[in-house]
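Colleague:
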Amino acid sequence: MSNDEFRAALARLAAGVVLITAQEPPLDEHGRGEDVGMTATAFVSVSLDPPLVMVSLRNDSRMDDLLAEQPLWAVSVLAESQRHVASRFAMKNRISDRLLFEDVPYIRGEVTGAPLVGGALATLECRTEQRVLAGDHTLVIGRVLTASLPSADGEPLAYFKGRYRRLG
Ligand SMILES: Cc1cc2nc3c(=O)[nH]c(=O)nc-3n(C[C@H](O)[C@H](O)[C@H](O)COP(=O)(O)O)c2cc1C
Numbered sequence: 246m247s248n249d250e251f252r253a254a255l256a257r258l259a260a261g262v263v264l265i266t267a268q269e270p271p272l273d274e275h276g277r278g279e280d281v282g283m284t285a286t287a288f289v290s291v292s293l294d295p296p297l298v299m300v301s302l303r304n305d306s307r308m309d310d311l312l313a314e315q316p317l318w319a320v321s322v323l324a325e326s327q328r329h330v331a332s333r334f335a336m337k338n339r340i341s342d343r344l345l346f347e348d349v350p351y352i353r354g355e356v357t358g359a360p361l362v363g364g365a366l367a368t369l370e371c372r373t374e375q376r377v378l379a380g381d382h383t384l385v386i387g388r389v390l391t392a393s394l395p396s397a398d399g400e401p402l403a404y405f406k407g408r409y410r411r412l413g
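Residue numbers (my numbering): 246 to 413.
1. From S341 to A379, what distance separates their C-alpha atoms?
2. Rounded C-beta distance between G358 and L317? I'm assuming under 8 Å.
3. Looking only at its chain, what residues have a beta carbon closer than 6 Å to the beta carbon of M299, apart from the 5 residues adjacent to it on each side?
4. Does DSSP put F334 in a helix, a strand or coil?
5. Applying the 10 Å Cβ sphere with the 16-neighbour rule, what's the burial state of E370?
6. Could you give the first and the last residue of the continuous beta strand (DSSP E) run that contains D280?
7. If you run the structure through DSSP and keep just helix, strand and coil, what is L311?
8. Sorry if obvious, but does the Cβ on T357 come closer than 7 Å to a heavy atom of ligand 1?
9. Cβ atoms of L264 and V330: under 8 Å apart, would you say?
10. For V356, which option in N338, V320, M283, R410 has the closest C-alpha, if you only look at C-alpha atoms?
11. Closest by CA to E250, which one among T286, K406, A367?
12. May I ask you to check if the CB of S290 is nearer than 7 Å to at least one heavy atom of ligand 1?
13. Measuring alpha carbon to alpha carbon, tell me which residue in I352, K337, R333 is nearest L344.
14. Tell me whether N338, by its Cβ, gets closer than 7 Å to a heavy atom of ligand 1.
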C-alpha cells in the first residue's frame, strides 16, 4: 500500500474538527505563558468511567512538544461558522500564536487556563493520563475535568476529502 492509497482511504472518513489549546509554562513566576492552538481531526471519545478522550499529535509539532511538558489542555469542538479558526490554527511553521488568538473570542478554562473558544459547540478541559508513541504521532489520552456547551445547538464543522464541509 502506498502513502497516497492510505491518505485517499482515510480522507473518506468524515470527521468533526476541534481546536486543541494549551498554555506554555510561564517564563518566570510573574508571567503567563503564550497560548498555543492546533486544529485536529484525530480526536475521539475513549471512555466514560473514567471520562477519557484522546488526540493524536504529529511528533515534533508545536503542540506535541508543548503537551510533553504541559499536562493541562483543552478542546473546543468547532462550529461550521469557525472554519477560519480551523484554517488559521492549521498553518505550518508558525512561530507564535499570539496574533492568531487576538480576534478569536475565548474564555480561559478555570482548571487548565487554556483558551476555550466562544461559540464552540462544546468545550472540554483535560489532564493528560497517558502518552503512547504510535509511529510518527503520539496519542495523548486525557481525563476530562470540565465539559461545557457554549453553543449547544450550533451546526458542526466537518472535514471530508480534504475540505471543510457543513452537514447537510
Ligand atoms: C483539518 C485538519 C486536521 C488536522 N488534524 C490533525 C491532527 O489530528 N493531529 C495533528 O497532529 N495535526 C493535525 N493537523 C495539522 C496541524 O493542524 C498542523 O500541523 C499544525 O497546526 C501546524 O503546526 P506545526 O508546524 O507545529 O505542525 C490537521 C490539519 C487540518 C487542516
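The beta carbon of each residue, even a glycine, is placed where N, CA and C say it ideally should be.
Modeller: Checking against the coordinates, here is how it stands:
1. A straight-line Cα-Cα distance of about 27 Å links S341 and A379.
2. Sure, about 7 Å apart at Cβ, within 8 Å.
3. Around M299: V289, V291, L384, I386.
4. Here F334 sits in coil by DSSP.
5. Taking all protein chains in view, the Cβ of E370 is crowded by 16 or more other Cβ atoms within 10 Å, so the residue is classified as buried.
6. In the DSSP assignment, D280 falls within the unbroken beta strand (DSSP E) covering 280-285.
7. Per DSSP, reduced to three states, the secondary structure at L311 is helical.
8. Every heavy atom of ligand 1 is 7 Å or more from the Cβ of T357, so no.
9. Yes. Within cutoff.
10. For the residues N338, V320, M283, R410, the minimum Cα distance to V356 belongs to V320.
11. Comparing Cα-Cα distances from E250 to each of T286, K406, A367, the minimum goes to K406.
12. The answer is no for S290.
13. Out of I352, K337, R333, the CA that lies nearest to the CA of L344 is found in R333.
14. The nearest non-hydrogen atom of ligand 1 is less than 7 Å from the C-beta of N338.
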